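S.K.:
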Amino acid sequence: MKAILIAAGMGRRLSPYTDDRPKCLVEVAGKPMIRHQIDNLRRVGVTDFVVIRGYLADRLTAELSGEPDVRFVDNFEYRQNNILLSLMCAIDELSSGFFCSYGDIVYRPSVSDALGKTDKDLALVVDPFFAQVYEGRTDHPIEEAELAQVSEGKVVRVGKRAVPLQSAFGEFIGLWKASARAGAMLAELFRKRLAELGLSAPYGRAPKLQVAYLTDLWNDLLSLSPPASLPIHCVACPEPQSWREIDTVQDLLRAREVVTF
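Per our numbering, the sequence shown runs over residues 155 to 415.
(1) If A277 and V205 are in contact, beta carbons under 8 angstroms, what's the gap, nearest whole angstrom?
(2) With distances taken between CB atoms, is the gap from K177 to G165 smaller than 9 angstroms?
(3) Can you tell me where the beta strand (DSSP E) with E300 in it begins and where it stops?
(4) Just to confirm my understanding: we take S333, look at its own chain, exclude 5 residues before and 5 after, and list those with CB closer than 6 angstroms. What are they?
(5) Beta-carbon separation of L329 and W397 under 9 angstroms?
(6) Just to confirm my understanding: we take P295, look at its own chain, exclude 5 residues before and 5 after, and list those with CB closer than 8 angstroms. What are they?
(7) In the DSSP output, which residue or residues are listed as bridge partners for F226?
(8) Evaluate D246 with the Cβ neighbour count: other Cβ atoms within 10 Å of its Cβ, from every protein chain shown; 16 or more gives buried, anything less gives exposed.
(9) In whole angstroms, what is the alpha-carbon distance linking L351 and Q364?
(10) I'd like to know if the region 259-270 and the region 369-379 are in contact, where contact means that at least 3 CB-CB pairs between them fall below 8 angstroms.
(11) Here's the rule I'm using: 16 or more other beta-carbon atoms within 10 Å means buried, otherwise exposed. How should F230 be labelled?
(12) Do you know how far the Cα of C388 is from the Cα of V280?
(13) Are the CB atoms of L159 and I192 nearer to each other than 9 angstroms?
(14) Between L368, V403 and Q320, which has its C-alpha nearest D173's C-alpha?
(15) Taking a contact to mean a Cβ-Cβ separation below 9 angstroms, would you say I327 touches E399 in this structure?
(16) If I measure Cβ to Cβ from R291 and keep anything under 8 angstroms in the same chain, skipping five residues before and after, which residues do I get?
(17) Pop quiz: V200 and F253 are said to be a contact at Cβ under 8 angstroms. What is the actual Cβ separation, rounded to whole angstroms?
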């Protein structure tokens, strides 16, 4: 099984910790975030890691070059694009099925174990206990959460400011899984929208496709009629405080107090 780790970002809000390293190499609980991700995903059978690198790529290469199951894909436009375009730097990897993780999250093995057990074509990990994480999180308020509305185990809508807080089942944590079928459908839909819109036209809730989020693509997929559409299933975090996003210095300091593996 393959995993794609999106690790091109600069992490400006984590300065000075990111002044000399990519965001994913900032340490939590004794080792870089991306090391936690790789270790947890190996537990669920991943033997091929595709790491999308951008900011200070040489540091990331040096950190992981000794790992025989790690390959690299470059996002040369990481300063201009966003998470969706970063993933699509590895578009040729999508059609074989994969796990995928944002580069700035840490999660306990129980979270990746739960995702590994699903046999659904497309599944997102959603934290129903998310409100606890935002208590005292003043530098990254709950309004910035990628909230998910869920009905009968399926995601109805997801994204920043796309779901009212009172309608949210939980927060998408940045970890998901796609079958070969789902990966091929996502790649095809992206190629179609890129041909139709170019990079400068609005897409979803983004002012232009170039800076769109993954959630914009998923909501687009959900809006289509069968057979072009595909259900997106929810895998709930099995326990509270089982993951953290490390977006700000405040997040890092708080995570170092509570995150254990």
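Beta carbons are placed, not taken as given, at the ideal position from N, Cα and C, and that holds for glycine.
Predicted model only: the values in this text are computed from it and were never measured.
M.R.: For this structure:
(1) A277 to V205, Cβ: 22 angstroms. No contact.
(2) yes
(3) E300 to S305
(4) G251 and D275
(5) yes
(6) Y288
(7) V205
(8) exposed
(9) 10 angstroms
(10) no
(11) exposed
(12) 6 angstroms
(13) yes
(14) V403
(15) yes
(16) Q404, D405 and R408
(17) 6 angstroms
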